[in-house]
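Okay, structure first, notes after.
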Amino acid sequence: MLVPQPACRTVCLIIHILNTADMKKIALYILCGAAALFTSCDPSLLDLQNENTLSTGVYWKTESDIEAGVISVYGMFYRQGTWTRNIYTQMIGMADEGVSYAGWTELNEYTKFIFTDYNFGEANTKIYREHYTAIFRANQVLDNIDNVAFADETHKNDLIGQTKFLRSFYYFYLTTLWENIPIVLKTSSAADKPMQASADEMLTQIETDLEDAVTKLPATRDANNYGRPTKGAAYGLLAKAYAQHHKWEDARRCLEWLIDGEGKRYYDLVPNWADNFSNQTEDNKESLYEIHFSLTNRVGFDQTDNYLDPNAQLGTQIEMNQAPTGIGWNNIEARRWLVDYYKREQTTDGKNDIRLFYTLWYDGAASDFPEYPNQLIYGKPWNSDWGNRVFIKKYSTDASPLYYWNNNNFRSLRYADMLLLYAEALNELGATPSAKAIECLNRVRNRVNLPDIEDSSFYNGSQITGNKNAFREHLKIERALELAMECVRWVDLKRWGINDTNTLNELKTRDSDFNNFIIGKSIRMPLPQSEVDNNPNLKQNDQY
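With the sequence shown counted from 1, adding 23 to any position gets you our numbering.
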């Protein structure tokens, strides 16, 4: 069932304004509630108004009602099944860059394409349910906004643009994980049995929403509203959707706006690569969209289930989730091949790639980076008992000991990603790599002091820049190193296709989890069986 709230219950919408004492430029106003529709009730009860609470019959009357509804959609970022914790394990773990040795067997098996319990809460039903709760809230806004008189039509359009961006954002990850999912574009009730859509149909809907959003969202936000999407954020997500759909000309058009068009005024690579992952350098010019986190409310062990609580936790558990056993939960870590790939090339001044230092923590880091002595992560030195394992350093903070949450914004859409995707789109559209595609690739390399690909001491630059297929294959490496552990790699692997034995065998050499991968099946997760059982319009994914 897609509506998690019980029938005949309404929940008051409450705005919680973040008080960012730590000076973070957070703009999200989190609403810790959602309005439920009256469904499955005796019709006579619908004539009664409870004077002590709000109902959908008397709500959705003012601009502030709509604003609160939009805020409630942002509020779903702060759930275990979205961007507080579990999605990092699943998105990184299924890709060839990550592996889970979590003590919770089902949790680590779900990253290894071993899906035993289709109703497993942490990695299946919870992620699924909480994404659809966000979509439920977005649909309420879109269904009611035209019935409200706005003093400023621009403000109304901005709210529509924000909501369509957010609905697309949640649908993008649902489609990435499950593909064949219910398409729900109107406020749903517990009795609804929505129709199932294919991945192609879902991507088309995402593209439709985002094409409208780019016409309504502003190009920039002031510091008090950095948490809200801009035109550039919508173009970035739209480009990724078109790329997944292999609509390369449409992807090129979006990326051209960002890189060669108006977006040049707002976005660029930051000089210091590590600034993209520090809680001290958020909302910089490389960021198209960030999920904003805060430690304003240092409460509880987990995100509260009380939708009315104005003190709900607004942090992320990404750091605890990836920290080694004894420091954190160690639900996800990195594959060793990444270390080796980073070390293939040295920088123009004879050092190792600085991205390795800020991305991974491993036994040889001290000798690989002598310029950074006395290395600590999560407040601890390397423990020899960890052997050859590789832990994730990206998005770690200076906190020691770790608190259950941190306040480091997650950079969901980054300019470097757009540059490499632009290079990919241009390459797919041409007979050979264009000068612009090569330029975009080199911009990403040069920022971390690597030479132009033509001058690489390891890669055969002339072959890469002169051959479409060789350029495509090399982009797969460049994206792995630039965007490791950012929930991008699984999206990339799906776009490139794991649809033949040769590709699968290559992945197995880097990640033994792919020994469990079944072509035609494992590219998508099983739908929660409870959803399939409750909705005759849903069919379980193939081979499950």
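Positions of the beta carbon are idealized from the N, C-alpha and C atoms, including for glycine.
Source: prediction; values computed, not measured.
- Residue 370 holds the alpha-carbon nearest to the alpha-carbon of residue 479 among 370, 443, 414 and 540.
- Per DSSP, residue 265 is one residue of the alpha helix (DSSP H) stretching across 254-267.
- Check the Cα spacing between residue 352 and each of 86, 321, 452 and 401: the tightest is with 401.
- As the crow flies, the alpha-carbon of residue 396 is around 34 Å from that of residue 483.
- As the crow flies, the alpha-carbon of residue 508 is around 28 Å from that of residue 228.
- Pairing residue 175 with residue 271, the inter-Cα distance amounts to about 37 Å.
- For residue 122, the pairing in a beta bridge is given by DSSP as 356.
- Residue state for residue 302 is assigned as coil, using DSSP reduced to three classes.
- When DSSP reads this structure, residue 348 sits in a beta bridge with 351.
- Judged by DSSP secondary structure, residue 502 falls within the alpha helix (DSSP H) whose first and last residues are 491-505.
- Nearest in C-alpha terms to residue 567, of all of 344, 546, 559 and 439, is 546.
- Restricting attention to 313, 241, 106 and 372, the CA atom closest to the CA of residue 436 is found in 313.
- In this structure, residue 152 and residue 96 do not form a Cβ contact; the two beta carbons are roughly 15 Å apart against a cut-off of 8 Å.
- Within its own chain, the residues whose Cβ lies closer than 6 Å to the Cβ of residue 218, once the five positions on either side in sequence are excluded, are 560, listed in chain order.
- Non-local beta-carbon contacts of residue 296 in its own chain, meaning distances under 8 Å to residues more than five positions away in sequence, involve 377, 378, 381, 470 and 471 in chain order.
- The Cβ neighbour count for residue 163, taken over all protein chains shown within 10 Å, is at least 16; the residue is labelled buried.
- By the C-beta density criterion, residue 199 is buried, having at least 16 other C-beta atoms within 10 angstroms.
- Rounded to whole angstroms, residue 94 and residue 373 show a C-alpha spacing of 49 Å.
- In this structure, 166 is the residue among 214, 268 and 166 with its C-alpha nearest to the C-alpha of residue 187.
- Excluding residues up to 5 positions away in sequence, 456, 457, 460, 491, 494, 495 and 498 lie with their Cβ nearer than 8 Å to the Cβ of residue 450 in the same chain.
- The residues 338 and 430, in chain order, have a CB closer than 6 Å to that of residue 318 in the same chain once the five nearest residues on each side in sequence are set aside.
- Looking at the backbone, the Cα of residue 505 and that of residue 364 are separated by about 11 Å.
- With respect to residue 216, residue 558 sits close: the two C-beta atoms are nearer than 7 Å.
- Remark: fewer than three beta-carbon pairs, one from each stretch, lie closer than 8 Å, so the region 259-278 and the region 292-309 are not flagged as touching.
- Under the Cβ criterion (8 Å, minimum of three pairs), the region 120-136 counts as touching the region 533-549.
- With respect to residue 357, residue 415 sits close: the two C-beta atoms are nearer than 7 Å.
- If the five residues before and after residue 488 are omitted, its C-beta is found closer than 7 Å to the C-beta atoms of 456, 461, 476, 477 and 494, all from its own chain and listed in chain order.
- One Cα belongs to residue 145, the other to residue 154, and the distance between them is close to 13 Å.
- Residue 220 is bridged by DSSP to 204.
- Residue 384 sits in a strand when the DSSP states are folded into three classes.
- Between residue 121 and residue 341, the gap from beta carbon to beta carbon reaches 7 Å or more.
- Distances from the alpha-carbon of residue 549 to those of 110, 89, 148 and 107 put 148 closest.
- Taking a C-beta distance under 7 Å as the contact criterion, residue 142 and residue 393 do not qualify as a contact pair.
- Secondary structure note for residue 159: its alpha helix (DSSP H) is the uninterrupted segment 149-167.
- Short of 8 Å from the beta carbon of residue 240, and not among the five residues preceding or following it, lie these beta carbons of its own chain, in chain order: 181, 184, 185, 188, 252, 253, 254, 256 and 257.
- At a Cβ-Cβ threshold of 7 Å, residue 466 and residue 442 count as neighbours.
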